[in-house]
Amino acid sequence: MNLVSDPPPTGHLDRRILSAPPSNSAQSLLALLQLAGKNPPATSADDPLEGIIAPHVMRSLWSALQARDLTTVQHSRRVATLAVHLAEYLGWEGRQLRAMEIAALLHDIGKLGVPDHIRHKPGKLTPDERELMALHYNVALNVLQACRVDPYVLEMICNAQASIVGLHPSRQSWRQPSLGARILAVVDAYDSLITAQPWRSSLSHEDVLRMLDSSCGREFDANVVSALGRFMQLRGLPPTQEAFAGLETADLPPINGQQEAAWLSQVMGQLYLLESVYDGYFVIDADLRIVVWSRGAENLLGHGIFEMLGKTWTSRLLGYLTEEAQTLPEPLCPMHRVLHGAGPQASELQLERADGRVMRAELQSIPLLDEAGRLHGAVEILRDLTRCQRRAPQALRELRLAATRDALTSVANRRELETRLAELMVHHERHPDEPFSVIFLDVDYFKNINDTHGHAVGDQVLVDIARLLQRETYSGEIVGRYGGEEFVILCPGTDLPAAVRRAERLRTAIRTTHLASIDLPRITASFGVAQLEPGDNAESLLRRADQALYHAKQTGRDRTSSGAIEPDEPAESTRAAPPSDPFVYTLEFQAVIAADLLVYKLGGFVNDLGVEVKEVQPDRVVLRHGQTGWFGRWGLRPESQPVEIVLRFDSTQTVGAYRQLRRIEATIRPRGRIRDPHVFQHRAQQILRELRGYFAAE
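Numbering (the working numbering), first residue to last: 100 to 797.
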């Protein structure tokens, strides 16, 4: 479906638009659509920018930046030069290098819309000013989307800026920032620190590398920082390029940079209002393709930018729902009515997020019409009606980010691991052919390190291991600390053999690395690996990885064990334990109860305490009480300390005329992961006291 039969001719930015800057958001969005129409896919082999962005659009954006902020232009040139040389040193070539060059040149294009008093402030930005800067970078991403910039360039700019201006990395399910984004982030920070700023002097090369290295794992990739140091040692700082492909093309008409800058600033100012006032928006073009998907829409609906760009709009794609939570028929969708000439629409609807949650939103669906009344597309603006607080300040964003990090090691914490695991499970449901594995690792004899050398040394060992894990994982893995000396690595796109090889590489790296900068005995770690299999859920996957780790510990430590599919029973409840096993609690008692009343007494115990019945036989009952999280560790409350209770019943004995006794053997074992036998024993005694009370035991 094409809504416009005669699109405007291509060329540099339309002079009619430039002569009348857009006065409202609809005009700005129409201008973006016209930009999209001016950047068709490359068809010529001699295109200097290889189809990554149209040369005339690149020149327009670059000319506007030159006219507005020469300091930013010089910084971008230096970043582009160093980033391209570093990427080439790492083995990049051809179109990859061109994409890196363009991303580096345009990574600060968001400054076009930032007020002068903030861009030129002779001091550090306040949280509010950083918030404003972040919003303008969001707007710049929307402009680049509309210009049909190659998605890889968008991803590099989007994720490289995450740590610089407070943006969150793009929500692409489980995907980590690409290597290009990590290179750009490091080089951008390097040039900023080594260059004098109005509020501070320039730093030396050595000081900058030390600062970058200290931020590895939180903001920067340790591998890239290390590669930058090696590159500079071998070749030194390359001379800044003065000419870049696509910027000095002679066969394009001259450009008025001041006019371009004024026009783009107006457009970005209007889009800034949309970003700051509403929760999100998206734009579709004449072919119903999504050409702009704002960061707000990404955060609100859970669909990533690069997942949505280029997709054809349908009611099912956006998850419009009726009041009965059924899919809204397409003819009833506000956007459908707009596209068929009904004019602007305002409505309240339920929307289904990517994670399945339902939210209520206010929608404004607006046609994008040119002066002749032709429909070029439409915009839908979203406002979340389920939230009381619209937008958090930068300080709160930083707190939220800190809430996902382990305070000691700066890797993901337990809550973030569980969140990312949930996302991975949803992703696997949609893409069942993609493998997914989990690695558990536990530092061997860590208690001895703490007892012998003190907790400060033990903490440094954990910090060093966390940094080593981050440095040695570069394929999209998610590294987290579950607690104590235990780490978890989520490995999307990785089958079991590859995950085992990865675990072995990490195990070898730990045992051969000098940790904590003092003379310690060799430190080792044990690894357990499991792959998600058909029929698995998160709990069964993690249980197999944990059982594999337990096996590695029991068979000598400093080794890797992989978990095969096991019956849906915890290892602790099925293995035969010696009488001295502190994690098996057995007690015999006699119940003063008639045989026909036994089931009623047992039913009271089950119902009152919320006990789960797993198996019932004439002489045997298996019960479970309590529940752990996905990672299986015991909590502090009884309900988070799961146990399995096996009751065996002997024959009834009659004592006297009316009194009947029945011998009952109760065996309790822990489910999940617990290391302190005293905690388990206390829990088992509590359960047995309750049980004896229900059976009137003697």
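Note that the Cβ used here is the ideal one computed from N, Cα and C, for glycine as well.
If you're wondering where the values come from, they're calculated on a predicted model, not measured in any experiment.
Within 8 Å, strictly: CB atoms of residue i and residue j
| i | j | result |
| --- | --- | --- |
| arginine 770 | valine 742 | yes |
| leucine 292 | leucine 278 | no |
| isoleucine 404 | tryptophan 392 | yes |
| leucine 836 | leucine 450 | Nothing in the structure corresponds to residue 836, since the chain is present only between 100 and 797. |
| valine 156 | valine 286 | no |
| glutamate 584 | phenylalanine 545 | yes |
| leucine 327 | leucine 185 | yes |
| arginine 519 | leucine 589 | yes |
| leucine 211 | arginine 158 | no |
| isoleucine 256 | histidine 174 | no |
| alanine 615 | threonine 659 | no |
| leucine 760 | alanine 690 | yes |
| threonine 612 | leucine 567 | yes |
| alanine 198 | leucine 283 | no |
| glycine 476 | aspartate 384 | yes |
Closest Cα partner of residue i within the set the options
| i | options | result |
| --- | --- | --- |
| valine 382 | Val745, Cys246 and Val286 | Cys246 |
| arginine 436 | Ser464, Leu308, Val457 and Gln425 | Ser464 |
| arginine 456 | His402, Val390 and Arg177 | His402 |
| glutamine 630 | Glu230, Ser536 and Ala441 | Ser536 |
| valine 252 | Thr518, Ala203 and Gln716 | Ala203 |
| glutamate 254 | Asn237, Val238, Leu234 and Pro276 | Pro276 |
| glutamine 785 | Phe748, Gly725, Leu760 and Phe330 | Gly725 |
| asparagine 237 | Pro717, Leu708, Glu576 and Tyr371 | Tyr371 |
| arginine 415 | Glu422, Gly409 and Glu429 | Glu429 |
| valine 53 | Ala321, Gln740 and Ser314 | This structure does not reach residue 53, given that the chain is present from 100 up to 797, and the question cannot be answered. |
| arginine 482 | Leu148, Glu230 and Gly395 | Gly395 |
| glycine 58 | Leu408, Gly190, Glu397 and Leu243 | What is shown of the chain runs 100 to 797, which leaves residue 58 out entirely. |
| histidine 781 | Leu746, Arg736 and Phe748 | Arg736 |
| arginine 621 | Asn547, Asn636 and Asp215 | Asn547 |
| glutamine 165 | Leu363, Gln716 and Arg229 | Leu363 |
| leucine 686 | Phe626, Arg719 and Ile767 | Ile767 |
| leucine 408 | Leu240, Gln260 and Ala280 | Leu240 |
Residue i - partner residues in DSSP beta bridges
| i | result |
| --- | --- |
| tyrosine 380 | Ile480 |
| glutamine 740 | Looking at the DSSP assignment, glutamine 740 forms no beta bridge with any residue, so it has no partner. |
| glutamate 764 | Glu687 and Arg747 |
| cysteine 590 | Ser536 |
| serine 661 | Val628 |
| phenylalanine 319 | Cys315 |
| isoleucine 256 | Paired residues: none, contrary to the question. |
| tyrosine 419 | Leu450 |
| glutamine 463 | Ala445 and Ile480 |
| valine 720 | Val715 and Leu746 |
| glutamate 585 | Asp541 and Gly582 |
| arginine 296 | According to the sequence provided, residue 296 is glutamine. The question's arginine does not apply to it. Its beta-bridge partners are Arg299. |
| arginine 504 | Ala511 |
Whole-number beta carbon distance between residue j and residue i, since they are thought to touch under 8 Å
| i | j | result |
| --- | --- | --- |
| leucine 484 | arginine 452 | So it is not a contact: roughly 14 Å between Cβ atoms. |
| aspartate 249 | isoleucine 389 | About 16 Å; that fails the 8 Å criterion. |
| valine 562 | alanine 511 | Their Cβ separation, rounded to whole angstroms, is 15 Å, which puts valine 562 and alanine 511 out of contact at 8 Å. |
| leucine 738 | leucine 722 | Sequence check: residue 738 is glutamate here, not leucine. At roughly 15 Å, the Cβ-Cβ gap does not stay under 8 Å, so glutamate 738 and leucine 722 are not in contact. |
| threonine 623 | aspartate 543 | 5 Å |
| glutamine 513 | threonine 503 | Looking at the sequence shown, residue 513 is not glutamine but arginine. So it is not a contact: roughly 10 Å between Cβ atoms. |
C-alpha gap between residue i and residue j, whole angstroms
| i | j | result |
| --- | --- | --- |
| valine 213 | glutamate 374 | 14 Å |
| serine 446 | isoleucine 480 | 11 Å |
| tryptophan 273 | proline 591 | Caution is warranted here: a pLDDT of 37 is assigned to tryptophan 273, below 50, making its placement in the model unreliable, and the coordinate value is therefore given only provisionally. Between tryptophan 273 and proline 591, the C-alpha separation is close to 7 Å. |
| tyrosine 419 | alanine 565 | 43 Å |
| alanine 424 | leucine 399 | 18 Å |
| threonine 170 | leucine 438 | 44 Å |
| histidine 552 | glutamate 571 | 27 Å |
| valine 324 | tyrosine 377 | 38 Å |
| phenylalanine 688 | serine 509 | 51 Å |
| valine 587 | alanine 521 | 14 Å |
| alanine 608 | glutamate 406 | 36 Å |
| serine 672 | leucine 516 | Annotation note: pLDDT 34 at serine 672 (below 50); position unreliable, coordinate value reported separately. About 26 Å. |
| proline 534 | proline 776 | 37 Å |
| leucine 311 | alanine 555 | 24 Å |
| glycine 472 | glutamine 126 | 13 Å |
| alanine 598 | leucine 129 | 49 Å |
| histidine 527 | arginine 299 | 48 Å |
| glutamate 576 | glycine 368 | 38 Å |
| tryptophan 733 | alanine 637 | 17 Å |
| leucine 448 | leucine 224 | 39 Å |
| phenylalanine 748 | isoleucine 773 | 29 Å |
| valine 264 | aspartate 541 | A caution first: valine 264 carries a pLDDT of 47, below 50, which makes its placement in the model unreliable, though a value can still be read off. Those two C-alpha atoms are separated by around 36 Å. |
Heavy atom of the ligand GDP within 7 Å of residue i beta-carbon
| i | result |
| --- | --- |
| alanine 245 | Among the components of this structure there are no ligands whatsoever, and the ligand GDP is therefore not found. |
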